[in-house]
Amino acid sequence: MNKLVVRTITNDKLSVCVYLSGQIKRFERPSKETVDDFGKRLKSKLFKDCKAVSLINSDGRFLNKNSTLIDVLRSPNELHVDDTKYKIFFNPPTIDDIVIPQTPLAGLVLMPSMKLSNINFEDVEFRWEIRSADSVNWSTHSKLRYFA
């Protein structure tokens, strides 16, 4: 899937990631930049051989070229580069960091320490895989809860 992931860094700055042919291109843009300027920048830096770069709303209409990025780089809008469509993900739920204890203890569930963005622990379902010593098969348990 072609996607464009947008994250808010500050009120004035956005982080934009474009997934192109197995590569991730990251850059930062001012949140108040216009759609027209953003399209020109993409065309000059990432899509040099393309004919058209545009942002389209859910009705299939072009977004106003004078609109700001913070207003239009949201789902369900899409970025169109010639005939290729990029689905936009704005501030998606993200696991920023996860650390598993270095010394597991027999019989105890490993409890990772996590740093999350744009998501609450209540919204996450954790699935733990457990294997008893006399078994070669793993079993999944989702009723175990993670407590932060």
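Take any residue in the sequence shown, note its place counting from 1, add 96, and you have its number in the numbering used here.
Even for Gly, the Cβ is constructed at its ideal location relative to N, Cα and C.
Under three-state DSSP, which class holds residue i?
{"i": "D178", "result": "coil"}
{"i": "G203", "result": "coil"}
{"i": "F186", "result": "strand"}
{"i": "F217", "result": "helix"}
{"i": "W224", "result": "strand"}
{"i": "I194", "result": "strand"}
Could you tell me the distance, in whole angstroms, from the CA atom of residue i to the CA atom of residue j?
{"i": "T133", "j": "F217", "result": "The amino acid at residue 133 is misidentified as Thr; the sequence shows Asp. Those two C-alpha atoms are separated by around 38 Å."}
{"i": "L165", "j": "R125", "result": "9 Å"}
{"i": "T130", "j": "N162", "result": "5 Å"}
{"i": "E221", "j": "I105", "result": "27 Å"}
{"i": "W234", "j": "W224", "result": "10 Å"}
{"i": "D167", "j": "M210", "result": "30 Å"}
{"i": "D178", "j": "G118", "result": "19 Å"}
{"i": "S154", "j": "P172", "result": "6 Å"}
For residue i, report the span of its alpha helix (DSSP H) as first-last.
{"i": "K139", "result": "V131 to K141"}
{"i": "L165", "result": "L165 to V168"}
Answer with buried or exposed for residue i, where buried requires no fewer than 16 other C-beta atoms within 10 angstroms of its C-beta.
{"i": "G203", "result": "exposed"}
{"i": "V205", "result": "exposed"}
Which stretch, first to last residue, makes up the beta strand (DSSP E) that contains residue i?
{"i": "C113", "result": "K109 to L116"}
{"i": "L231", "result": "For the sequence presented, residue 231 should be read as Ser rather than Leu. Unbroken run through S231: none, as it is neither H nor E."}
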